[in-house]
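Residue numbers (my numbering): 491 to 892.
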Ligand SMILES: Cc1cc2nc3c(=O)[nH]c(=O)nc-3n(C[C@H](O)[C@H](O)[C@H](O)COP(=O)(O)OP(=O)(O)OC[C@H]3O[C@@H](n4cnc5c(N)ncnc54)[C@H](O)[C@@H]3O)c2cc1C
């Protein structure tokens with residue numbers, strides 16, 4: 491028996507989840523508020539509300555999931571492997587180094603521009619006969635009873651009325667669906683924005699990713715396709731961005747990068763346009779209520795310091811689909827509240843581990859107290875010298891240990 495679910499929100503998570511569901515022969519209606527771009531130039535991936543100027547470090551687990559979906563071939567063209575990670579703190583002696591070859595893995599993950607990730611996902615979604623994609627529709631009402639969940643969505647002048655046994659809300663951090671169901675969320679707004687851009691350096695990246703903790707904030711420099719292109723994600727104190735965002739301040743921004751990084755990457759020669767993202771941690775109090783499941787940022791939005799947010803969402807989506815596949819095989823109700831709650835329980839350990847880790851890195855490295863600085867350095871030295879720590883951390887970062 492063919493069953494259908496509704497996904498609200500066709501961002502990176504909603505699109506990926508839709509592709510996972512149709513692999514198990516579950517049909518999908520996907521509702522997205524913002525019109526998708528037309529891809530008329532094969533070399534360009536225009537931005538969308540979810541896939542914008544950011545780049546994502548995909549963990550090995552996320553790559554495996556895209557391989558299962560037969561999508562990795564198309565994504566790989568736009569991705570670059572991370573073969574080594576160096577972690578340092580400005581003005582300190584400690585240094586931690588993780589090398590893929592030493593950990594006996596092909597790579598720690600792959601970096602991809604979100605715009606390309608989105609383009610590849612959307613192109614595939616449009617080819618799937620089991621997915622009905624409706625963009626330019628804003629979901630404005632979500633209710634449920636014992637039998638169905640009901641949605642109303644505004645498309646221009648017209649009102650769309652839909653119902654389904656299961657609604658998956660992947661509508662982002664400020665999730666309308668979460669609020670419509672009265673699900674509370676704990677919200678913490680960091681006093682930070684992430685500056686995001688792409689730069690060119692005079693030295694090739696050799697597939698090395700850097701994380702450098704500085705008094706301005708933790709600066710991540712990741713390799714991108716093209717030997718000299720690197721992705722910058724720099725969470726800084728709110729207000730710092732006002733000096734860096736405008737085009738006439740390109741040189742000022744390049745100088746700040748140079749000061750913070752030294753010459754490890756050679757000279758910072760060119761910078762793309764800078765974008766800023768306010769940072770917060772928003773955690774839903776429940777993720778499964780009746781016939782509705784929250785997914786992606788709607789369930790948990792976390793600080794990007796360790797590049798874990800999307801990877802965590804991919805693991806959630808993959809596990810949910812496993813539960814739904816079993817229901818589908820028995821022709822059972824996909825929106826069975828008990829099954830959805832079991833799914834939620836099964837994900838809590840992994841989610842809490844990642845959430846705590848990211849939050850404690852942000853808090854731990856933002857304090858400039860000299861004693862704490864010494865402790866951090868000792869930690870970095872221990873990380874680099876004590877046997878057994880590296881494989882453990884590498885496995886967590888790659889999303890292979892939940
Ligand atoms: C600076 C930065 C860098 C990051 N880097 C990494 C990284 O390297 N690795 C990693 O794993 N993660 C990273 N993340 C996290 C990652 O970007 C998020 O986890 C991911 O974007 C979540 O996607 P989503 O689809 O859940 O939400 P969103 O991207 O917010 O998408 C939600 C979608 O729902 C739509 N929508 C909203 N409301 C409605 C409505 N009422 N009706 C219909 N549609 C609606 C929106 O238009 C949007 O398209 C980073 C985050 C930031 C801020």
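Think of the CB as a built atom: it goes at the ideal place given N, C-alpha and C, for glycine as much as any other residue.
Does the distance from the C-beta atom of residue i to that of residue j stay below 9 Å?
i	j	result
residue 509	residue 614	yes
residue 827	residue 781	yes
residue 726	residue 707	yes
residue 467	residue 565	Look at the range of the chain in this structure, 491 to 892, and you will see that residue 467 is not part of it.
residue 845	residue 808	no
residue 747	residue 689	yes
residue 612	residue 526	yes
residue 677	residue 777	no
residue 713	residue 571	yes
residue 715	residue 568	yes
residue 551	residue 785	no
residue 765	residue 542	yes
residue 501	residue 540	yes
residue 666	residue 498	yes
residue 735	residue 723	no
residue 852	residue 679	no
residue 718	residue 750	no
residue 636	residue 775	no
residue 597	residue 697	yes
residue 729	residue 711	no
Whose C-alpha, out of the options, is nearest the C-alpha of residue i?
i	options	result
residue 835	813, 846 and 727	813
residue 576	680, 539 and 755	755
residue 545	602, 707 and 715	602
residue 506	838, 811, 767 and 848	811
residue 799	761, 781 and 848	848
residue 616	739, 714 and 528	528
residue 779	830, 551 and 611	830
residue 832	817, 646, 845 and 540	817
residue 532	571, 557 and 610	610
residue 492	515, 501, 498 and 504	515
residue 574	540, 701, 767 and 794	701
residue 584	703, 718 and 534	703
residue 757	741, 652 and 764	741
residue 795	735, 685, 543 and 838	685
residue 792	745, 822 and 842	842
residue 720	641, 760 and 736	760
residue 673	563, 681 and 663	663
residue 623	838, 850, 557 and 521	521
residue 653	774, 634 and 640	640
residue 767	732, 839 and 705	732
residue 806	634, 769, 660 and 705	660
residue 668	783, 592, 563 and 578	783
residue 618	559, 555 and 536	559
residue 604	536, 556, 642 and 588	536
residue 647	626, 638 and 838	626
residue 773	838, 556 and 588	838
residue 705	557, 578 and 563	578
Can you round the beta-carbon distance between residue i and residue j to whole angstroms, since I take them to be within the 8 Å contact cut?
i	j	result
residue 628	residue 788	At roughly 15 Å, the Cβ-Cβ gap does not stay under 8 Å, so residue 628 and residue 788 are not in contact.
residue 553	residue 599	7 Å
residue 512	residue 495	About 10 Å separates the two Cβ atoms, so there is no contact after all.
residue 608	residue 687	Incorrect: roughly 18 Å between the Cβ atoms, too far for contact.
residue 586	residue 632	Their Cβ separation, rounded to whole angstroms, is 45 Å, which puts residue 586 and residue 632 out of contact at 8 Å.
residue 824	residue 655	5 Å
residue 548	residue 801	7 Å
Which residues share a DSSP beta bridge with residue i?
i	result
residue 751	Residue 751 pairs with nothing; no bridge assigned.
residue 719	690
residue 797	Answer by DSSP bridge pairing: none, since residue 797 is not bridged.
residue 778	783
residue 815	Beta-bridge pairing links residue 815 to no other residue.
residue 727	682
residue 760	690
residue 809	Per DSSP, none; premise fails for residue 809.
residue 494	517
residue 771	678
What I want to know is whether the C-beta of residue i ends up closer than 8 Å to one or more non-hydrogen atoms of ligand 2.
i	result
residue 491	Summarising the ligand content, the structure contains ligand 1 and does not contain ligand 2.
**OP:** Pick out the complete beta strand (DSSP E) segments inside the region 667-712, 3 residues or longer, and give them in chain order.
**Re:** DSSP runs (the beta strand (DSSP E)) wholly in the region 667-712: 675-691 and 698-704.
**OP:** Quick one: which unbroken alpha helix (DSSP H) runs of 4-plus residues sit fully inside the region 597-677? Chain order, please.
**Re:** If we require 4 residues or more, the alpha helix (DSSP H) runs fully inside the region 597-677 come out as 604-617 and 666-670.
Original post:
At what residue ranges does the region 509-594 contain a whole run of the beta strand (DSSP E), taking only runs of 3 or more?
Top reply: Taken in chain order, the unbroken stretches of beta strand (DSSP E) that lie wholly in the region 509-594 and span 3 residues or more are 517-522, 545-549, 569-572, 574-579 and 585-589.
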